[in-house]
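Student: I am attaching a structure below and will ask some questions about it afterwards.
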Amino acid sequence: MRAGQAANVVSINEAEDERRESIRPLYREAVTLVERLHRRLLDVVKDELDRREREDINAVQALLLFNIGDAELTAAELRTRGYYLGANVSYNLKKLVETGFLDHRRSRVDRRSVRIRLTGKGEEVRDLVEGLHAKHLATIEQIGGIGPQDFQQLNKALSRLERFWTDQILYRL
Numbered sequence: 024m025r026a027g028q029a030a031n032v033v034s035i036n037e038a039e040d041e042r043r044e045s046i047r048p049l050y051r052e053a054v055t056l057v058e059r060l061h062r063r064l065l066d067v068v069k070d071e072l073d074r075r076e077r078e079d080i081n082a083v084q085a086l087l088l089f090n091i092g093d094a095e096l097t098a099a100e101l102r103t104r105g106y107y108l109g110a111n112v113s114y115n116l117k118k119l120v121e122t123g124f125l126d127h128r129r130s131r132v133d134r135r136s137v138r139i140r141l142t143g144k145g146e147e148v149r150d151l152v153e154g155l156h157a158k159h160l161a162t163i164e165q166i167g168g169i170g171p172q173d174f175q176q177l178n179k180a181l182s183r184l185e186r187f188w189t190d191q192i193l194y195r196l
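When we follow the working numbering, the leftmost residue of the sequence shown carries the number 24, and every step to the right adds one.
Given below as structure tokens:
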């Protein structure tokens with residue numbers, strides 16, 4: 024390798040190192056924001072439940088009911104469809120059945136599998152969260168300063184980050 028080529032290789036490596044170092048604080052900030060935003064969403068839902076004097080359900084469970092919606096599915100389907108992110112899905116489902124928000128019955132096809140769906144009480148909570156979303160949609164652009172293009176960019180970046188993290192697990196990168 025000639026001296027000029029060696030200098031180019033060194034400068035390319037230095038440029039890559041500088042780029043990585045410039046991404047480091049941005050990546051860490053993004054991870055922190057994702058965690059903080061999830062907690063803040065739970066706070067917003069809890070606040071709405073408190074305003075409605077709903078002490079019979081917590082924010083995680085309310086979001087779970089919202090995500091189930093009109094579907095009838097299994098706990099495994101909840102996880103695979105990305106409707107539920109917590110490790111304690113079985114605990115929350117059991118509580119929601121016990122408190123009358125969910126109905127469950129054995130699948131006709133696979134008797135080992137239990138299918139769940141919202142009861143009337145569960146539909147009330149789903150509608151409450153839906154109303155909260157509608158309220159936010161009515162004001163997010165004017166008050167929050169977040170418009171359609173902002174959400175398109177945000178969703179694209181978050182989808183890419185999710186895919187990157189998924190690939191880290193699937194391909195042990």
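Think of the CB as a built atom: it goes at the ideal place given N, C-alpha and C, for glycine as much as any other residue.
Remember, predicted model here, so these are calculated numbers, not experimental data.
Straight-line CA distance for A38 to E164?
Tutor: 39 Å
Student: Hey, is the region 50-66 in contact with the region 137-147, meaning 3+ C-beta pairs nearer than 8 Å?
Tutor: no
Student: What does DSSP give as the partner residues of L96 in its beta bridges?
Tutor: Under DSSP, L96 takes part in a beta bridge, and its partners are I139.
Student: Here's a check: name, in chain order, each residue in its chain whose Cβ is nearer than 6 Å to the Cβ of E71, leaving out the five neighbours to either side.
Tutor: So the qualifying residues of the chain are L155.
Student: Let me confirm a value: Q84 is counted as buried when at least 16 other C-beta atoms fall within 10 Å, else exposed. Which label applies?
Tutor: buried
Student: So, under 8 Å CB-CB, R138 and T97 are touching, yes? Tell me the CB distance rounded to an integer number of Å.
Tutor: 6 Å
Student: With a Cβ-Cβ cutoff of 8 Å, do N111 and L87 count as a contact?
Tutor: no
Student: Using three-state DSSP, classify L119 as helix, strand or coil.
Tutor: helix
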